[in-house]
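In my numbering, the protein residues as written are 89 to 278.
Here is the structure:
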């Protein structure tokens with residue numbers, strides 16, 4: 089809390105980080121993330137100064153270029169002492185990005201706390217656990233990419249259309265096995 093620009097509270101200040109991927113319905117929603125982060129800040133006796141909320145943003149994007157989190161990291165780093173995330177994949181899905189954020193936190197005197205994984209970079213084993221979890225998160229991202237690629241390849245081989253922008257002159261038609269593309273008679277040459 090500040091009064092006329094001066095800081096009144098002596099509590100450590102925390103920034104909550106909320107991220108949801110593009111079009112992924114099977115993930116923890118924004119309100120759940122906010123609630124869990126708020127409870128962790130209260131339990132740690134921290135003042136929650138705000139949330140960096142990035143919706144429809146992949147974890148494969150560097151934290152420094154995300155619309156909301158990037159603004160906090162690049163322009164408002166003096167306004168918080170700790171970053172609280174629900175779980176590791178909300179801030180990074182690559183070992184490199186997590187290592188970069190850990191190094192940034194150390195260089196700038198910031199803590200990084202995960203509600204679910206239970207690590208806190210200010211604790212002795214925190215950095216080790218975080219880096220191990222980053223390897224797991226990166227492997228999970230690679231597995232997701234491989235499954236998506238295999239699914240699209242299978243769809244193409246069976247004549248199914250995997251989705252996306254329909255090419256000009258074609259239309260998507262739903263059949264028993266999914267969507268296919270066919271010539272669109274309304275755009276055919278007459």
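We treat Cβ as the ideally placed atom computed from N, Cα and C, and that holds for glycine.
Distance check between residue 185 and each of 260, 154 and 249 places 154 closest, using alpha-carbon atoms only. Counting the other CB atoms within 10 Å of its CB gives residue 274 a total below 16, which places it among the exposed residues. For the set 139, 190, 229 and 255, the Cα lying nearest the Cα of residue 119 is the one of 139. Excluding residues up to 5 positions away in sequence, 257, 258 and 259 lie with their Cβ nearer than 8 Å to the Cβ of residue 272 in the same chain. DSSP, read as helix, strand or coil, puts residue 183 in helix. Following the DSSP letters along the chain, one finds residue 264 in no alpha helix (DSSP H), marked with neither H nor E. Counting along the chain, residue 124 sits inside no beta strand (DSSP E); it lies in the alpha helix (DSSP H) bounded by residues 118-131. Here DSSP, grouped into helix, strand and coil, assigns residue 205 to coil.
Non-local C-beta neighbours of residue 157 in its own chain, meaning closer than 8 Å and more than five positions away in sequence, comprise 105, 107, 140, 142, 151 and 179, ordered along the chain.
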